[in-house]
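Here the structure comes first, spelled out in structure tokens, and everything after it is commentary.
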Amino acid sequence: MQKKLFLLDAYALVFRAYYALIRNPRITSKGRNTNAQFGFTNTLIDLINNQKPTHMAVCFDTHAPTERHTDFADYKANRQETPEDISSAVPDIKRIIEAMNIPVVAIDGYEADDVIGALAKQAELSGYDVYMVTPDKDYGQLVSEHIKIYKPPYQGGVFEILGPKEVCEKWGIKNVSQVIDILGLMGDAVDNIPGIKGVGEKTAAKLLAEYETLENILANAANIKGAMGEKIKAGKEDAIMSKKLATIITDIPAAVFHEEDFRIKEMNKEAPKEVFDMLEFRALTKRLLGEDTGIVDKHNGSETAPSATENKKATADTGQLDLFGNVVAAAPSEVTTSVSSSEESFLSPQKNINNTLHNYILLNDEKAIQQFIDIAIRQTEICFDSETTGLDANDAELVGLSFSFKEGEAYYVPCPAEKNACLALLKKFQPLFDDEAKVWVGQNIKYDMLMLKWYGFELKGNTFDTMLAHYVIEPDGKRSMDALSAKYLGYEPVHIEELIGKKGKGQGNMRDVEIEKIKEYAAEDADITLQLKNILLPQLKTKAVEKVFYEVENPLVKVLADMEFEGIKIDESFLNDYSKLLETDAKKSEESVYEQAGVRFNLASPKQLGEVLFDKLQLDPKAKKPRRDSMQPVKTCWQSWR
């Protein structure tokens, strides 16, 4: 088995975890914000369970000054003070790491970047594949065939692994050794590394393409024509210092890679319990103690905790145990893993279509369809979803319909591509659609209603939109079906990209997907949406938002669907004339600005505007001159910290 070492940049991941949940914070009963602890712990568990490292360490900065601070007093001087919630989280996080038998490494006089660099190079020589877990782009200078950057997923995204090819493409350079050259030229505002004033990333890459190294660029400054040559001459000392500041130190005597010290070891399950209890991570504690893995009785649906012997048997038959001793590859007919909806939203979902018992039925002949309709007509509530050729309901075609009225069971009806044949099929379902006593459940059901309208049908009963229900329960946060399924069901649905490919010119549509795959995908959508409805329904009452949901928001779904279907008439002639009037007014205002400023300049340039307001007009004599990149779009706080 290939030896895999994962080195975690602790503070980068801590800040990232904290701000990932900033709009929907986790607050304990005592008022503590545990975003950082929760997010970091889930990242750690995700790495261990999914990436299967053989060795691991978490590297922290210390408060001791480094050589960089000695060389350049203003190094990192512009960083904002660390939020108290993060400062108070770090001791908890270290306790969790140590309880999991993972080493914590921190060396005075060096940053975590340096420690990771030193350990990575040593491990590479010992035959390891090394993954530096960080969102920090500066690590690109360390990348090699066996050392890569692992960027964890963020807010529903996917992880990235960056090797030499990806790093070079990202920076627009020929080899990874030029990462420090490009940082020396352009600087790094986050760390307050100056670089050469007036040189940005694209210019730096262009210069390196011609001269290869920073030193060669400086040596040829006289040959570089125009203002750029003058900038390079003037910024020579800053560039040399900036390259030194940006260089990750890999020769650290105190950083020694001992294989056994970094090996992933079996964890004492009781060790993290105390800190988990303090942080009120109830579901994590249950998973830690193996209480959530159960054997499902097929007859009555009851769940019983398996004995150690049963657990081992299930493992031998179907897969292996995860970090917590739970089955991670269970046969759908024997084992399922339950996940708390309140706490597992940032854990990788453990359940999916391959390990969860389900019964998804294809209805592709008249007899089967009629039998289904006879059953469905007796239901008071049906979950409904449509599969189509595109995202714009006003420009898409129906590919199929899916229905569910029992958890774990759903039906899929393929629709013919030919319009008249499709209309004939839909006509069979008209008694269902016309039943005003029915409640139709859907995720963004307005889209499905619009699709039916374009074929001349409508849902005449009431509706229950799970996306809308989640909105009134929890106004902030993501509410896609994938996000809600992960949060409330611990379940990862089939991703549409698996069927039609990634977004872009090469992406197909659902009409191209083989029938068995689309049946599983579409029926799963209806099934999962029904399950979400059953979870969200009682929360409407708990959160006291039933009135706003049933009397305000939900009735508007049909109104909005009608509005989108009908469209809005506009007076095109009036708008064209008004546009010309606005253009004339804008031109007058622009000329007024130039007259008052006493100079013509690019109003769209924040830099030029700042120079006019503060340098020429002295709007505020005490105003501090901003950093070179401060006029660029504001980054998120956790990015700024890095």
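Quick note: the sequence shown uses numbering that gives the first Met the number 0, first residue 0, plus one each step.
In this text, a Cβ means the ideal position worked out from N, Cα and C, and glycines have one as well.
Nothing here was measured: the structure is a model prediction, and the numbers come from that model.
No residue range can be given for E610, since it is assigned to no alpha helix (DSSP H) and is classified by DSSP as neither H nor E. For M562, the closest of A392, G476, D475 and V142 by C-alpha to C-alpha distance is A392.
Secondary-structure assignment with DSSP links V103 through a beta bridge to V57. Assignment of beta-bridge partners to N461 by DSSP yields V438.
Note that the region 193–204 touches the region 169–182; at least 3 beta-carbon pairs, one per stretch, sit closer than 8 Å. Boundaries of the alpha helix (DSSP H) around L184: V178 to M185. Leaving aside the five residues that flank V166 on each side, the residues in its chain whose CB is nearer than 6 Å to its CB run, in chain order, G139, V142 and V175. With fewer than 16 other Cβ atoms inside 10 Å of its own Cβ, K224 counts as exposed. Contact between the region 525–545 and the region 460–478 is established, with three or more Cβ pairs separated by less than 8 Å.
Assignment of V398 by DSSP, reduced to helix, strand and coil, places it in the strand class. Pairing K445 with L559 gives a Cβ-Cβ distance under 8 Å. Each of G399, L390 and G389 was checked against the Cα of F383, and the nearest Cα belongs to G399. Y109 carries a coil assignment under DSSP once its states are collapsed to helix, strand and coil.
Ranked by Cα distance from L529, the first of I239, I517 and M480 is M480. For F39, the closest of G30, K51, Q50 and L12 by C-alpha to C-alpha distance is L12.
Taking the CA atoms as reference points, E589 sits about 19 Å from L618. At the C-beta level, A35 and I101 stay beyond 8 Å of one another. By the CB criterion at 8 Å, I95 and V255 fall outside the cutoff.
E473 sits close to N23, with the two beta carbons spaced by under 8 Å.
For M240, no pairing in a beta bridge is given by DSSP.
For I146, the uninterrupted beta strand (DSSP E) run begins and ends at I146 to K150, by DSSP. Counting only runs that start and end inside the region 484–531, the alpha helix (DSSP H) elements of at least 4 residues fall at 496–499. For the 8 Å CB-CB criterion, L580 and V592 do not form a contact.
Rounded to the nearest angstrom, the gap between the Cα atoms of E66 and I251 is 12 Å. DSSP lists W439 as the beta-bridge partner residues of I381. For F39, the enclosing alpha helix (DSSP H) stretches over residues N34 to D45.
In this structure, DSSP gives Y127 a state outside helix and strand, which the three-state scheme calls coil. The residue among G489, D70, Y549 and K606 with its C-alpha nearest the C-alpha of Q349 is G489.
A Cβ-Cβ contact shorter than 8 Å links M131 with I115.
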